[in-house]
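K.L.:
Numbering of the sequence shown is given in our numbering, commencing with residue 21 and proceeding in unit increments.
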Amino acid sequence: MREMWKKSWNVNTVGTHILTHTFVPLLLKSSDPRLLFITSGTSALGETEDTSYRFNKSPAKGWPKEEPTFGAYRSSKTGMNMMMCEWVRILREDGVKVFGISPGFLATGLGGNPELYKKLGALDPVIGAEFVRDVVEGARDQDAGKVIRRDKIQAW
21 MREMWKKSWN VNTVGTHILT HTFVPLLLKS SDPRLLFITS GTSALGETED
71 TSYRFNKSPA KGWPKEEPTF GAYRSSKTGM NMMMCEWVRI LREDGVKVFG
121 ISPGFLATGL GGNPELYKKL GALDPVIGAE FVRDVVEGAR DQDAGKVIRR
171 DKIQAW
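1) Label glutamine 162 either buried or exposed according to how many other C-beta atoms from any shown protein chain fall within 10 Å of its C-beta, with 16 as the threshold for buried.
2) Mapping the DSSP letters down to three states, classify leucine 47 as helix, strand or coil.
3) Can the beta-carbon of aspartate 114 be found less than 7 Å from the beta-carbon of leucine 48?
4) State whether the segment 116 to 124 contacts the segment 146 to 158, with contact taken as three or more CB pairs (one from each stretch) at a distance under 8 Å.
5) Output the distance between the C-alpha atoms of proline 53 and arginine 170, rounded to the nearest integer angstrom.
6) Identify whether glycine 35 lies in helix, strand or coil by the three-state DSSP scheme.
7) Closest to phenylalanine 43 by C-alpha separation, out of Asn76, Val34, Leu55, would be which residue?
8) For the segment 23 to 40 against the segment 82 to 102, are there 3 or more C-beta pairs whose distance is under 8 Å?
9) Using a Cβ-Cβ cutoff of less than 8 Å, which residues in the same chain neighbour serine 60 once the five nearest sequence positions on both sides are dropped?
10) Hey, alanine 127 and lysine 139: beta-carbon distance below 7 Å or not?
11) Let me check understanding here. Comparing Cα to Cα, which of Phe57, Lys81, Ser63 lies closest to tyrosine 73?
12) To which residues of the same chain is valine 156 closer than 8 Å at the C-beta, ignoring the five residues directly before and after it?
13) With DSSP run on the structure shown, which of helix, strand or coil describes phenylalanine 75?
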């Protein structure tokens, strides 16, 4: 369990921070710099009490419970959101537009079963890619410094 949690945090938060730190000098050479972090709708603390969302449902009473693998992912993405806020602060005076992007539930290979995800209502990954492209091209500049979804600003 410890290794799974460490891996999630290393990939989604620590590794992302180190990669960003490494490439900021190149980013600052841009005439219109943008920094995007791909986060998750499951990282929103303000939405954890909504049990109509399947990831917020409690497991059945009793112990042991199924190993909570999804909690590692969710918490590491929440940590990434705070890290994004730090990059907003660090790069504010440099004019960098920083975003957290929550592309939605997409039928990707993350988790290993895109066909199952489609049956559960996941969207085509192209929709998420188009959203990211739109942000890169400036369509959501007014929302810089926030975590954004295609249709709104994501709650913290």
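No residue lacks a Cβ here, since even glycine has one placed at the ideal position from N, Cα and C.
P.N.:
Based on what the coordinates show:
1) Counting from one through the sequence shown, the residue named residue 162 turns up at place 142. Its Cβ having fewer than 16 others within 10 Å, glutamine 162 is exposed.
2) On the sequence shown, position 27 is the one that residue 47 refers to. If DSSP states are grouped into helix, strand and coil, leucine 47 belongs with the helices.
3) Within the sequence shown, numbered from 1, the residue matching residue 114 stands at position 94. Within the sequence shown, numbered from 1, the residue matching residue 48 stands at position 28. Cβ atoms of aspartate 114 and leucine 48: closer than 7 Å.
4) yes
5) In the sequence shown, counting from the first residue as 1, residue 53 sits at position 33. In the sequence shown, counting from the first residue as 1, residue 170 sits at position 150. So the alpha carbons of these two residues sit roughly 21 Å apart.
6) Here the question's residue 35 lines up with position 15 in the sequence shown. Looking at glycine 35 - three-state DSSP - the assignment turns out to be helix.
7) Residue 43 sits at position 23 when you count from the first residue of the sequence shown. Measuring from the Cα of phenylalanine 43, the nearest candidate turns out to be Leu55.
8) yes
9) The count along the sequence shown starts at 1 and reaches residue 60 at position 40. Excluding positions up to five away in sequence, the list reads Tyr93, Arg94, Lys97, Ser122.
10) As a first step, residue 127 must be located in the sequence shown, where it is residue number 107. As a first step, residue 139 must be located in the sequence shown, where it is residue number 119. For alanine 127 and lysine 139, no; Cβs fall outside 7 Å.
11) Walking along the sequence shown from the start, residue 73 turns up at place 53. Closest by alpha carbon: Ser63.
12) Here the question's residue 156 lines up with position 136 in the sequence shown. Excluding positions up to five away in sequence, the list reads Arg54, Leu56.
13) Here residue 75 corresponds to residue number 55 of the sequence shown, with the count starting at 1. Of the three classes helix, strand and coil, the one that applies to phenylalanine 75 here is helix, per DSSP.
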